[in-house]
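Residue numbers for the sequence shown follow our numbering, beginning at 466 and rising by one. The next block holds one structure in the form of structure tokens; read it before the comments.
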Amino acid sequence: MDITILGIESSCDDTSAAVIRNTTLLSNVIASQEVHRKYGGVIPELASRAHQQNIIPVIDTAIKEAGISASEIDGIAFTRGPGLLGSLLVGVSFAKGLALSLDVPMMEINHLQGHIFSHFIDLPDRELPHPRFPFLCLLVSGGHSQIVLVKDYAEMEIIGTTIDDAAGEAFDKCAKVMGLPYPGGPVIDRLAKEGDPQRFKFAKPSVDGLDYSFSGLKTSFLYFLRDEMRDNPDFIEQNKADLCASLQSTIIDTLLNKLVKAAKQYDIDEIAIAGGVSANSGLRNAVAAEGRKRGWNTYLPEFKFTTDNAAMIAITGYFKYQRGEFAPMDIAPVSRIGDFSKTE
Numbered sequence: 466m467d468i469t470i471l472g473i474e475s476s477c478d479d480t481s482a483a484v485i486r487n488t489t490l491l492s493n494v495i496a497s498q499e500v501h502r503k504y505g506g507v508i509p510e511l512a513s514r515a516h517q518q519n520i521i522p523v524i525d526t527a528i529k530e531a532g533i534s535a536s537e538i539d540g541i542a543f544t545r546g547p548g549l550l551g552s553l554l555v556g557v558s559f560a561k562g563l564a565l566s567l568d569v570p571m572m573e574i575n576h577l578q579g580h581i582f583s584h585f586i587d588l589p590d591r592e593l594p595h596p597r598f599p600f601l602c603l604l605v606s607g608g609h610s611q612i613v614l615v616k617d618y619a620e621m622e623i624i625g626t627t628i629d630d631a632a633g634e635a636f637d638k639c640a641k642v643m644g645l646p647y648p649g650g651p652v653i654d655r656l657a658k659e660g661d662p663q664r665f666k667f668a669k670p671s672v673d674g675l676d677y678s679f680s681g682l683k684t685s686f687l688y689f690l691r692d693e694m695r696d697n698p699d700f701i702e703q704n705k706a707d708l709c710a711s712l713q714s715t716i717i718d719t720l721l722n723k724l725v726k727a728a729k730q731y732d733i734d735e736i737a738i739a740g741g742v743s744a745n746s747g748l749r750n751a752v753a754a755e756g757r758k759r760g761w762n763t764y765l766p767e768f769k770f771t772t773d774n775a776a777m778i779a780i781t782g783y784f785k786y787q788r789g790e791f792a793p794m795d796i797a798p799v800s801r802i803g804d805f806s807k808t809e
């Protein structure tokens, strides 16, 4: 029997709703919030207000684009966390009200788990390649940089994580230091294509095991610019492309070194990447190249599934629906991954 799931994502500054029938995506609607650009970062209060304005039209549009009626929805999946508490509250509250009105169950979704399971979405016109279990997923999303051992739909283990800043934070904070517009990651990616990645050398932190650290790189980059600008105030403008290319190369090398180490340690050749930073062209090319070199089967997400989107929430909800893992009506959103009542 077909299972139709409505997914709702509101963890940060994108309001998104998607409809999935089994594993096939029928619609995925995203309303982005431009209001944050002039502040150089997401303002939580403005984000939650924008979610309140967007959530009804976004969900209505997703249902219409899917070509279904609300009565055909079998379950509602929503992002419980991690994320901005006010933003999450909008999505969670709406999911509760809609689930009550339709008399259907709800599935709470860990936003990070959603990024991983975006690799199991199929499109109406074609099946996408899916990793085989067990596989390793390099999850680079906003404030998180993790290597996750995915053993099954219901079993995964974080085997490496950042002990301070994440890769995405390093991109955005270093971009801000250079005066680049927000969000800085995509701008660095674009400028890096025109620069020399070997021109400048920055600190590569040494952390035991499979964990990451990017705070040292951020500090190294800041001090390097400060010293150079003492002699040449136009240093950044004159070397912007090379700075971006060298910074990006350093971040990618750091990410890949631990990923290679994890693949060897666990003897796994099924390798995926996910999260917002997985849209970075340098990282995608580097993972693909490393895969060819080491005989990996590599899985790069479609660009539309790298950013925050409800399709990944809906597909994760589909797997939970099949297992009968339903959320109670008194469930509350959580801002931090450590606040989940159980390991996702």
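Virtual Cβ for every residue (Gly too), placed ideally from N, Cα, C.
The alpha helix (DSSP H) runs lying completely inside the segment 587-671 and spanning 4 residues or more are 632-642, 649-657, given in chain order. Cβ contact annotation for residue 606 (same chain, cutoff 6 Å, sequence separation greater than five): 580, 740, 741, in chain order. Annotation: the continuous beta strand (DSSP E) that includes residue 540 extends over 540-546.
In the DSSP secondary-structure assignment, residue 494 is bridged to 482. Looking from the CA of residue 525, the closest CA among 669, 473, 600 belongs to 473. With 16 or more other CB atoms across the displayed protein chains lying within 10 angstroms of its CB, residue 560 is buried. Assignment of residue 675 by DSSP, reduced to helix, strand and coil, places it in the coil class. Put simply, the backbone Cα of residue 534 is about 22 Å away from that of residue 784. Nearest C-alpha to residue 555 among 517, 694, 545: 517. C-alpha of residue 624 to C-alpha of residue 600: approximately 12 Å in a straight line.
The straight-line gap separating the alpha-carbon atoms of residue 608 and residue 636 is approximately 11 Å. Counting every other CB atom within 10 Å of its CB across the protein chains shown gives residue 519 a total of 16 or more, marking it as buried.
Per DSSP, reduced to three states, the secondary structure at residue 735 is strand. The beta carbons of residue 718 and residue 761 sit no closer together than 8 Å. A residue is called buried once 16 or more other Cβ atoms fall within 10 Å of its Cβ, and residue 720 is buried on that count. DSSP, read as helix, strand or coil, puts residue 549 in coil.
Straight-line measurement puts the Cα of residue 688 at about 34 Å from the Cα of residue 479. With a contact defined as Cβ atoms closer than 8 Å, residue 668 and residue 681 qualify at about 5 Å. In the DSSP annotation of this structure, the continuous segment of the alpha helix (DSSP H) that includes residue 755 starts and ends at 746-759. By a beta-carbon distance limit of 8 Å, residue 546 contacts residue 799. Their separation comes to about 4 Å. The C-beta of residue 644 has fewer than 16 other C-beta atoms within 10 Å across all chains shown, which makes the residue exposed. Annotated as proximal: residue 512 and residue 551, with beta-carbon spacing under 8 Å.
In this structure, residue 745 lies near residue 654, with their beta-carbon atoms less than 8 Å apart. Scanning its chain for C-beta atoms nearer than 7 Å, with the 5 sequence neighbours on each side dropped, one finds around residue 751 the residues 717, 721, in chain order. Distances from the alpha-carbon of residue 521 to those of 698, 508, 562, 590 put 562 closest. DSSP, read as helix, strand or coil, puts residue 792 in strand.
Put simply, the backbone Cα of residue 543 is about 34 Å away from that of residue 756. Taking 8 Å as the upper bound for CB-CB distance, residue 540 and residue 569 are in contact here, some 5 Å apart.
Listed in chain order, the non-local C-beta contacts of residue 678 below 8 Å within the same chain comprise 627, 628, 629, 630, 670, 672, local neighbours out to five positions each way being set aside. Here the alpha carbons of residue 602 and residue 789 stand approximately 25 Å from one another. By a beta-carbon distance limit of 8 Å, residue 469 does not contact residue 573. Their separation comes to about 18 Å. The beta carbon of residue 792 lies closer than 7 Å to those of 571, 572, 573 in the same chain, with the five residues before and after it left out. The C-alpha of residue 476 lies about 43 Å from the C-alpha of residue 696.
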